[in-house]
Structure formats: C-alpha cells, structure tokens
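The next block holds one structure in the form of structure tokens; read it before the comments.
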Amino acid sequence: MGSTGLEIRRAERADRDAVARLLDEAFQNDPVSSWVFPDPDHRRAVHGTFLGVFVDVALEEGRIDYAADGSAAALWLRIPAGEPEGEDDVPARMREAADPDNERCELVGRLTGEVHPTAEEHEYLLMIAVAPGRQGEGLGTELMRPVLEACDRDGVPAYLEASSERSMRLYERLGWEFTGTAVRLPEGPLMWPMWRKPRG
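Structural data, given as structure tokens:
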C-alpha cells in the first residue's frame, strides 16, 4: 500500500492528554472496552482515565509515535527476554485510577499478561488508535511502519493483542500471526495474541 504521507513525530509529556483523548474516542465502542465498562455513560466518564495509564507507561518506558495532525497514535514498549521482575502493577494502576470497584479493569491486564511471550526480546504494540472519522484510510498501517521496519532491519519480533477479528485481519496483512491461544474474558469477548517474526 502506498504511503499516505503521514507526518509522524514522537509524542512528549505535553501530548499526554491529547493522546489519552484519542484512545478514549477510538476505543469507546471496542468489544473489550465495552466489556470492562458495560454502561455507556459510565464508560464515557472513566474510559479516558483508564487508557491514560497506558499513555503514562508508554511515555515513561517506551515510545508513542503520534501523527502530527493528532489523527493517530501507536504506543510501543520494548520488552526484554525472560520472565518479568516482580509483579506487573499496571493492571492494578488502571483499576485504581479509573474505577476502583471494577475488577474487570484489572482482569484484562492480568489475563493478557499470563499469555505474553517471554522467550525473546520484542516490540510490544500496547495500543494503536486512529480517530473515529479517519479510520479505514491506512493511517494505522503507516503509523506502525517505522517500528516494523526497524524490527525487520534489526531482527526483532513484535507482539500485540487484537481486540476484534477485524483488527486481527489487518495485522495479518502486516505479518502478524495468531499465536493459537485466544484470551477469553469471562462472559466477554475474545482477544487474539499475535506474534510477528521479523521479515528478512
């Protein structure tokens, strides 16, 4: 697919709230977000705070590639090989920040964490968001390109969890493959962990 000429820059701390707003809008009707916050009014109230924790983590420990016009953002973390040191506190932080009485806030992260591969270092696409009015233009593909090209150049795999079958198909076209073990949210939707081997 040809380049959309998307101008990409690295998000900074000053972009934090704008990126969180973008994630909030893009995932407002996502199957997983709808499961975590079944009530739409409540979801509108707390969902941005919930996803804002991801933005903080990516700003602190990873990178956020951000369309200069604010239309799209990709949150990446470089995950080292080996079992993680200590417990992952991000799921608990998300629950605490957004909706302390809602255990589903924490459960998503715990269940995805249990299947996250640990054998080799990889780039983890934590989230990618495209503004609702701009979806289907290829912005997401364009936004992932710099990191995926670096992965191919440096021989580094990549990993993500697709939250819908539609997004899974998109990722397959970019070289990701379903790992074979879906994450089943209790009485909720499936998530599809996907691994991308570097392309030589």
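Quick note: my numbering has the sequence shown finishing at residue 558, numbered continuously throughout.
Glycine residues also receive a C-beta, built at the ideal position from the N, C-alpha and C atoms.
According to DSSP, is residue i part of a helix, a strand, or is it coil?
i: residue 501; result: helix
i: residue 448; result: helix
i: residue 464; result: helix
i: residue 436; result: strand
i: residue 416; result: helix
i: residue 540; result: coil
i: residue 477; result: coil
Can you determine whether any heavy atom of the ligand GTP sits closer than 7 Å to the C-beta of residue i, and answer yes or no?
i: residue 539; result: In terms of ligand content, the structure shown is empty, and the ligand GTP therefore cannot be addressed.
Which first and last residues belong to the beta strand (DSSP E) in which residue i is found?
i: residue 536; result: 534 to 536
i: residue 480; result: 480 to 488
i: residue 551; result: 548 to 554
i: residue 364; result: Where residue 364 is concerned, there is no enclosing beta strand (DSSP E), given that its DSSP letter is neither H nor E.
i: residue 421; result: 421 to 425
i: residue 518; result: 516 to 520
With a CB to CB cut of under 7 Å and the five nearest residues on each side skipped, what residues in its chain are close to residue i?
i: residue 504; result: 366 and 423
i: residue 419; result: 435
i: residue 400; result: none
i: residue 448; result: 411, 415 and 467
So residue i and residue j are in contact, right, with Cβ under 8 Å, and what is the actual spacing, rounded?
i: residue 452; j: residue 395; result: Not quite, the Cβ-Cβ distance comes to about 12 Å (not below 8 Å), so this is no contact.
Tell me which residue opens and which closes the alpha helix (DSSP H) that residue i is part of.
i: residue 528; result: 523 to 531
Report all residues from its chain with a CB closer than 8 Å to the CB of residue i; omit the five preceding and five following residues, and keep chain order.
i: residue 353; result: Because residue 353 is not part of the residues shown, which for the chain are 359 to 558, the question remains open.
i: residue 440; result: 476
Identify, in the order they occur along the chain, each residue of the same chain with its Cβ nearer than 6 Å to the Cβ of residue i, setting aside the five sequence neighbours on each side.
i: residue 551; result: 473, 519 and 537
Quiz item: Which runs of the alpha helix (DSSP H), 4 residues or longer, sit entirely within the region 369 to 406?
Solution: 374 to 384 and 389 to 394
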